[in-house]
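Protein chains in written order, with UniProt numbering: chain A, 1 to 218; chain B, 1 to 218.
All residues carry an ideal CB built from backbone N, CA and C; glycine is no exception.
In what follows, a structure is listed as structure tokens, so that the remarks can point back to it.
Number of protein chains: 2
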Amino acid sequence: MASQTEENYLKSLFNLANEKDEVNISELASQMQVSMPTVNSMVKTLQKNGWLIYEKYKPVTLTPAGKKDAALVIRKHRLTEMFLVNKMGFGWEEVHEIAEQVEHIHAPKFFERMDEMMGFPTIDPHGSPIPDKLGRIQEINYLSLTECKAGQLVKLAGLTNSSTEFLEFLNGRNLSLGTELRILSKEAYDHSIVVSYSNHTSETLSEKVCEKLLVKVM
Amino acid sequence: MASQTEENYLKSLFNLANEKDEVNISELASQMQVSMPTVNSMVKTLQKNGWLIYEKYKPVTLTPAGKKDAALVIRKHRLTEMFLVNKMGFGWEEVHEIAEQVEHIHAPKFFERMDEMMGFPTIDPHGSPIPDKLGRIQEINYLSLTECKAGQLVKLAGLTNSSTEFLEFLNGRNLSLGTELRILSKEAYDHSIVVSYSNHTSETLSEKVCEKLLVKVM
DNA sequence: CTACATTGTTAGATCAGTCTAACAAAATTG
DNA sequence: CAATTTTGTTAGACTGATCTAACAATGTAG
Ligand SMILES: [Mn+2]
Ligand SMILES: [Mn+2]
Ligand SMILES: [Mn+2]
Ligand SMILES: [Mn+2]
């Protein structure tokens with residue numbers, strides 16, 4: 001059974017392996033906030049336990065077992081976040097830190113019960129998909145708000161970044177998942193976008209914000 | 001901040017320090033299921049951190065800070081057990097193992113929210129008192145069933161042992177906290193007791209069971 | 001292609017938490 | 001009280017997870 005540390009490495013590896021599938025030692029070190037020698041020794045351990053493939057001087061790759069176990073940790077994390085928001089009344093900006101700890105609890109029934117109580121949700125409070133019990137993850141293809149055209153009506157469905165600061169910024173603007181946005185105009189110079197939604201008739205969103213907002217065209 | 005290991009030692013120390021207040025190294029070693037040298041080195045650490053007082057060859061004593069922090073871990077444990085039973089539908093025999101892990105989560109709001117959602121309970125699912133936010137524990141003085149007399153009507157209010165096996169035994173007899181028992185007779189030879197309750201007209205409980213049942217005389 | 005920068009590895013140390021073996025102090029018991 | 005048992009300590013080792021310093025391989029850019 002994976003230790004807390006190993007579970008955290010698996011999660012990072014899984015998240016870094018989007019698209020490229022391979023992960024460099026240095027990437028992993030910076031993601032995990034540890035030194036490269038630390039990663040070097042840990043990848044040897046993870047390999048010994050069958051979670052990844054490693055060859056000297058080569059980037060590492062998760063094995064199918066590694067991918068599955070990583071997804072199951074992510075499942076615990078996201079179920080927890082959803083439970084904290086839906087059943088315990090936390091704000092979406094408060095739950096990540098708690099889930100970072102709760103995800104390491106070894107008690108399948110605990111998470112199954114959360115799942116059940118929430119009616120088997122498929123996304124977490126930040127719009128990210130919750131892997132199923134077998135570690136399968138449903139890929140959702142949302143558009144970034146930057147890719148949308150003036151005049152379009154879109155619905156906020158996900159985020160590419162869920163830092164507390166960004167979530168608090170969105171709270172301050174009354175933006176939450178499900179909010180329908182009308183794109184009023186796009187500024188060619190700085191790529192900012194003017195939108196209207198709810199009782200906000202004209203809100204300007206910078207490119208930095210827009211690229212982090214994932215939307216579904218209505 | 002206490003590590004998981006330290007928190008577990010504090011809890012054990014607190015529980016062993018009932019009455020006597022002092023705890024022997026060997027008691028603590030057997031409680032924690034580690035060797036005496038391990039305890040020896042750990043008590044030095046705990047002393048260095050201000051949680052206990054230790055002198056070579058003497059039993060150890062928790063400091064006020066040690067008692068408080070121990071009680072706060074026990075608070076997290078018992079709030080969790082109550083939450084699992086009351087809000088998540090677990091049986092009282094399933095919750096201890098999960099709480100043993102959840103008690104180490106460092107997130108005050110998480111436990112405060114549980115507390116709030118349950119209406120600030122004062123006992124856990126096994127009848128043990130839940131320490132308050134300042135680590136104060138309300139001592140309740142129940143009677144053991146062995147101390148009761150024939151003819152008395154008593155209510156099951158607590159247990160001196162909450163092992164899964166014992167809880168499953170009680171489940172099998174339909175005995176739960178709050179059950180009112182009429183003591184029909186006491187057997188002088190083996191100290192077993194015959195009781196009636198709910199739709200059980202005559203159930204014999206061995207001394208081994210009776211001494212673990214804490215009751216309130218009605 | 002050589003030089004320099006980047007990336008990765010090795011060696012060796014540290015800290016927490018654990019162990020066993022050997023020994024020492026304290027308690028018990030005849 | 002002396003012998004024996006029980007309890008506690010010391011020494012030394014190990015594992016997991018981390019670090020820094022030194023070095024080696026790989027990649028890049030003139
Ligand atoms: Mn998260
Ligand atoms: Mn984590
Ligand atoms: Mn318990
Ligand atoms: Mn515990």
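Are residue i and residue j touching if we call contact CB-CB under 8 Å?
i: K155/B; j: M82/B; result: no
i: T179/A; j: S192/A; result: no
i: N161/B; j: K216/B; result: no
i: L167/A; j: L214/A; result: no
i: V194/A; j: L181/A; result: no
i: residue 243/A; j: N174/A; result: This structure gives no information on residue 243/A, because the portion of chain A shown stretches from 1 to 218.
i: L72/B; j: T61/B; result: no
i: K68/B; j: G135/B; result: yes
i: G66/A; j: L10/A; result: yes
i: N141/A; j: M118/A; result: no
i: V39/A; j: I25/A; result: yes
i: C210/B; j: T146/B; result: yes
i: P131/B; j: R75/B; result: yes
Is any heavy atom in ligand 1 found nearer than 7 Å to the beta carbon of residue i?
i: S163/A; result: no
i: E93/B; result: no
i: E22/A; result: no
i: E168/A; result: no
i: E203/B; result: no
i: H126/B; result: no
Give a single yes or no on whether residue i has its beta carbon closer than 7 Å to a heavy atom of ligand 4.
i: N8/B; result: yes
i: H104/B; result: yes
Locate the beta strand (DSSP E) running through residue i, then write down its first and last residues.
i: S128/B; result: Neither: S128/B is in no beta strand (DSSP E) and is coded neither H nor E.
i: K44/B; result: Looking at the DSSP string, K44/B is not in any beta strand (DSSP E); the run it does join, the alpha helix (DSSP H), is M36 to K48.
i: I193/A; result: I193 to Y197
i: K216/A; result: L213 to V217
Using CA atoms only, rank isn't needed, just tell me which of the options is closest to residue i.
i: L153/A; options: Q138/A, N86/A, I137/A and I183/A; result: I183/A
i: A157/B; options: L134/B, K133/B, R173/B and P129/B; result: P129/B
i: Y57/B; options: T5/B, V23/B and N49/B; result: V23/B
i: P64/A; options: T80/A, S202/A and L13/A; result: L13/A
i: L177/B; options: G91/B, H106/B and Q4/B; result: G91/B
i: L16/A; options: E6/A, K133/A, L28/A and K208/A; result: L28/A
i: I137/B; options: R78/B, N8/B and M1/B; result: R78/B
i: N8/B; options: Q31/B, C210/B and K87/B; result: Q31/B
i: K48/A; options: N86/A, P37/A and E6/A; result: E6/A
i: M36/B; options: D21/B, N18/B, G50/B and P59/B; result: P59/B
i: T45/B; options: S26/B, M1/B, V85/B and N18/B; result: M1/B
i: A70/A; options: G89/A, N18/A and H96/A; result: N18/A
i: T164/B; options: E55/B, E93/B and Q4/B; result: E93/B
i: S3/B; options: E97/B, T80/B and I105/B; result: I105/B
i: S144/B; options: E97/B, H96/B and S206/B; result: S206/B
Got a sec: does ligand 2 put a non-hydrogen atom nearer than 7 Å to the Cβ of residue i?
i: A191/A; result: In the sequence as presented, Ala is not what sits at residue 191/A; that position holds His. It does not: the Cβ of H191/A is nowhere closer than 7 Å to a heavy atom of ligand 2.
i: E139/A; result: no
i: E100/A; result: yes
For the alpha helix (DSSP H) containing residue i, list its first residue and its last residue.
i: T201/B; result: Premise fails: T201/B lies in the beta strand (DSSP E), H200 to L205, not in any alpha helix (DSSP H).
i: E27/B; result: I25 to M32
i: I123/B; result: It is not in any alpha helix (DSSP H) - I123/B carries neither H nor E in the DSSP assignment.
i: T164/A; result: T164 to G172
i: R78/B; result: P64 to N86
i: R113/B; result: P108 to M117
When every heavy atom of ligand 5 is checked, does at least one fall within less than 7 Å of the C-beta of residue i?
i: E27/B; result: Inclusion of ligand 5 in the displayed structure is not the case, the ligand content consisting of ligand 1, ligand 2, ligand 3 and ligand 4 alone.
Do residue i and ligand 3 come close, with the Cβ less than 7 Å from some heavy atom?
i: E81/B; result: yes
i: H96/B; result: yes
i: H200/A; result: no
Does the pairing of the region 100-113 of chain B with the region 100-119 of chain A give three or more beta-carbon distances under 8 Å? yes
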